[in-house]
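Participant: Sharing a structure, written as structure tokens. Questions coming.
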């Protein structure tokens, strides 16, 4: 019933968050992807981006870090093109200015006016035989008409570096949007040029010229010129439109740097864990505004942004992020929500206006299908995000699959769809993919995106949208410091599974050996008299009555009898649990169950004869013969278990191996040398958080003990609970492990 209530509460909480977010409507700048993991999984990063880029995607990700320190440096570029680049490159190749100059030069040649006696409006010239001019004019007109409505080019370069220190994050994220849009005056596409001199055809070579400027229109269909009036020139001339900025290429852009200081904290609740994160960002930036010729080559556009078109300004931004792990999914599901730039940072432009980075709201989820090896992620924009590219609005839905078979290899793929695409801005479905290769400490990560919709460039069909990103990921100091409070430690779960398999395989052998030892060591009941049968008393502390009884045994019994009882006690199998003096890892109070011999007085002569017969020499005292010694040895074993757990979780390989006896028997028939080599390899790769509780210590001999305890293991996306058995022996005053395995 309680579990069902928790599940219901979790569903209600999740539904409330989703409902609240869906009510939010905001016009925002585009949420540009920077992280290779997000880029390659359909843009999903709110719940799944690398922790060092959490300060950009979602500050709450810092509380789910997989190592104490991580840094990522990344460089990439994205391009989005709609019906512009190929056309302006055609114009650039022909060159509109040169074409207009060619018409003007032809108009001054007296030969084409042969037989013309006046230059009145409507007067036509002879055919000018201009070669490629008719075709060039047709290409220019067609290109200008094609880009008069829907067009745009967007270049999005970025260079970023992110650092994560535990739950803190800093970074420098360069975000750029450089756009070009053609502005075409569709009413002024005529090839009409002013002509200030025309050789008088009635007297060739006599130097007679026009007394006033005339306007000549070129007709590409019959390759002739025609005199027209000034009004027609102003209303229809392409040259007039170019000279008066009614036809041009509009360049707009922004490049700003987010320099955040971020922190996240995780809180455990009955409904699951909730992580809250925040970021304050210093944001220096540059805005760009410029008009350039409409026939500027597409490859030169980025250079135009560096030519005196920028204006510098500085502002700041605030981001908030959340992550929620519903308890009823057994920590497999992570949901997230981020609100970026909630204070709407503003940059002043060169023209005196303002460019606002409006709030961006995005939700995401990550689900572990198979621990940390196979995961799926999904993101959705709740805000409609405008960009600097006119008429382009994005509201993306995307996700992907992340397959990580080992530390050295990562494969990812996904899809993304703009839910607000129009005929002008339709990119189709965007396919994404990524590959990471390297070592545990450093990896090279490559990711890319491309759209199914295409555009034409240089006669070839290419994707209308594409992006490529290259990152260098480093965990240089991975695992050097123990992270006591972090549940999420990066560990190869395949090694943990292998350990569990090996422990299970040796469980039966350990149980059988323990059973055999108990059969050998327990005294035969046939040899014990009724008076010799011990009574079992369970207590946590010695009461005054027990102390008196102890003193009575000491005073009334001869030393030989006490020694005989101690010898008898050493053959028993007491169960001892650690006391409150044990280390912090042992979480429950300890009780001690001890067998004591009967308090009746024995015959001194009989006991003396038995001692003289069985113990010709005085034996070394057994440390577990009395309560004080047994308690001390219990503490010693408890400390040994605690040190073993700490050395494992902190990746201190020397301390870890030092906890094992030279007589240790590895599983699967491995010799001790091969086993140590295997453990060095595994501990060098991984460390985990290990919690030990419910420790029970059973002394099977003066120098041997059987220990059982509950072991709780946790790592990103995976937890387990195991009851474990260890056999200890005491060598040179130290308790060391000789066998270990999982209890069934």
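Residue numbers (the working numbering): 426 to 1169.
Yeah, the Cβ is synthetic: ideal placement off N, Cα and C, and Gly gets one too.
Computed from a predicted structure; not experimentally measured.
(1) Can you check the segment 1056–1128 for any alpha helix (DSSP H) of at least 4 residues that lies completely inside it and give the ranges in chain order?
(2) Between the Cα of residue 795 and those of 816, 1076 and 756, spot the shortest distance and give me the residue it belongs to.
(3) In three-state DSSP terms, what is residue 996?
(4) Going by DSSP, which residues form a beta bridge with residue 606?
(5) Assuming residue 511 and residue 883 make a contact with CB atoms under 8 Å, what is their CB distance in whole Å?
(6) Looking at the structure shown, is residue 847 part of a helix, part of a strand, or coil, going by DSSP?
(7) Under the rule that 16 or more other beta-carbon atoms within 10 Å means buried, what is residue 654, buried or exposed?
(8) Going along the chain, which unbroken runs of the alpha helix (DSSP H) with 4 or more residues stay wholly within the segment 661–727?
(9) Note down, in chain order, each residue of its chain lying with its Cβ closer than 8 Å to the Cβ of residue 481, except the 5 sequence neighbours on either side.
(10) Give the secondary structure of residue 854 by DSSP, where H, G and I count as helix, E and B as strand, and everything else as coil.
(11) If you compare alpha carbons, which of 885, 892, 880 and 869 is closest to residue 898?
(12) Flag this pair as touching only if the segment 711–722 and the segment 512–522 have three or more C-beta atom pairs under 8 Å; answer yes or no.
(13) Check whether the Cβ atoms of residue 1135 and residue 1148 lie closer than 8 Å to each other.
(14) In whole angstroms, give me the CA-to-CA distance for residue 551 and residue 649.
(15) Might you give, ordered along the chain, the residues of its own chain that have their beta carbon closer than 8 Å to the beta carbon of residue 1095, omitting 5 neighbours on each side?
(16) Around the Cβ of residue 537, are there at least 16 other Cβ atoms within 10 angstroms (buried) or fewer (exposed)?
(17) What do you reckon, are the CB atoms on residue 713 and residue 676 nearer than 8 Å?
(18) Please classify residue 1073 as buried or exposed, where buried requires at least 16 other C-beta atoms within 10 Å of its C-beta.
(19) Taking buried to mean at least 16 other C-beta atoms within 10 Å of its own C-beta, is residue 518 buried or exposed?
(20) Under three-state DSSP, which class holds residue 754?
(21) Whole angstroms is fine: what's the gap from residue 716's alpha carbon to residue 670's?
(22) Mind checking who residue 806 pairs with in its DSSP beta bridge?
(23) Just how far apart, CA to CA, sit residue 709 and residue 774?
(24) If residue 664 and residue 525 are in contact, beta carbons under 8 Å, what's the gap, nearest whole angstrom?
(25) With DSSP as the reference, label residue 476 as helix, strand or coil.
(26) According to the Cβ coordinates, are residue 1190 and residue 806 closer than 8 Å?
(27) The alpha helix (DSSP H) that contains residue 399, what's its start and end?
(28) Might you give, ordered along the chain, the residues of its own chain that have their beta carbon closer than 7 Å to the beta carbon of residue 1161, omitting 5 neighbours on each side?
(29) Classify residue 844 as buried or exposed, calling it buried when 16 or more other Cβ atoms lie within 10 Å of its own Cβ.
(30) Exposed or buried, what is residue 692 when buried is set at 16 or more other beta-carbons lying within 10 Å of its beta-carbon?
(31) Determine the DSSP secondary structure at residue 888, reduced to helix, strand or coil.
(32) Which residues in the same chain as residue 855 place their Cβ atom closer than 6 Å to its Cβ, once the five residues preceding and following it in sequence are excluded?
(33) Beta carbon of residue 485, beta carbon of residue 666: below 8 Å?
(34) Helix, strand or coil: how does DSSP classify residue 515 here?
(35) What whole-angstrom Cβ distance do residue 851 and residue 809 have, given they're in contact under 8 Å?
(36) Ends of the beta strand (DSSP E) at residue 870?
Facilitator: With the given structure in hand:
(1) Taking only runs of at least 4 residues, the alpha helix (DSSP H) segments lying wholly in the segment 1056–1128 are 1078–1082 and 1097–1110.
(2) Ranking 816, 1076 and 756 by Cα distance to residue 795 puts 756 first.
(3) Note on residue 996: pLDDT 38, under 50, position unreliable in the model; no value is reported.
(4) DSSP output for residue 606 lists 675 as bridge partner(s).
(5) Going by Cβ atoms, the distance from residue 511 to residue 883 rounds to 7 Å, so yes, they are a contact pair.
(6) Three-state result, residue 847: coil.
(7) If you draw a 10 Å sphere on the C-beta of residue 654, you find fewer than 16 other C-beta atoms in it, and that means exposed.
(8) 663–668, all fully within the segment 661–727.
(9) Once the five neighbours on either side are set aside, the close Cβ partners of residue 481 are 459, 460, 474, 585, 587, 596, 598, 683 and 685.
(10) In the structure shown, residue 854 adopts extended strand secondary structure according to DSSP, grouped into three states.
(11) If we check each option's Cα against that of residue 898, 869 comes out closest.
(12) Here the segment 711–722 lies against the segment 512–522, with 3 or more beta-carbon pairs under 8 Å apart.
(13) It is a contact, given that the beta carbons lie within the stated cut-off.
(14) When rounded, the distance between both Cα atoms is 6 Å.
(15) Here the set comprises 1103.
(16) By the 10 Å Cβ count, residue 537 comes out buried.
(17) A contact, by the Cβ cut-off of 8 Å.
(18) Counting C-beta atoms within 10 angstroms of its own C-beta, residue 1073 has 16 or more neighbours from the protein chains shown and is therefore classed as buried.
(19) Residue 518 should be labelled exposed.
(20) The DSSP-derived three-state label of residue 754 is helix.
(21) Using only the alpha carbons, I get a separation of about 8 Å.
(22) Answer is 787.
(23) Distance between the alpha carbons of residue 709 and residue 774: 13 Å.
(24) The pair is a contact, with the Cβ atoms about 5 Å apart (cut-off 8 Å).
(25) Residue state for residue 476 is assigned as helix, using DSSP reduced to three classes.
(26) The displayed coordinates of the chain run from 426 to 1169. Any statement about residue 1190 would go beyond what the structure contains.
(27) The first residue shown for the chain is 426 and the last is 1169, placing residue 399 beyond what the model contains.
(28) The residues are 1084, 1085, 1086, 1153 and 1154.
(29) By the 10 Å Cβ count, residue 844 comes out exposed.
(30) Classification of residue 692: exposed, given that the 10 Å Cβ count is below 16.
(31) In this structure, residue 888 counts as strand in the three-state DSSP scheme.
(32) Answer for residue 855: 841, 874 and 876, listed in chain order.
(33) With a cutoff of 8 Å on beta-carbon distance, residue 485 and residue 666 are scored as not near each other.
(34) Residue state, collapsed to three classes: helix.
(35) Contact between residue 851 and residue 809 does not hold, since their C-beta atoms are separated by about 16 Å, which reaches or exceeds 8 Å.
(36) Element bounds for residue 870: 867–876.
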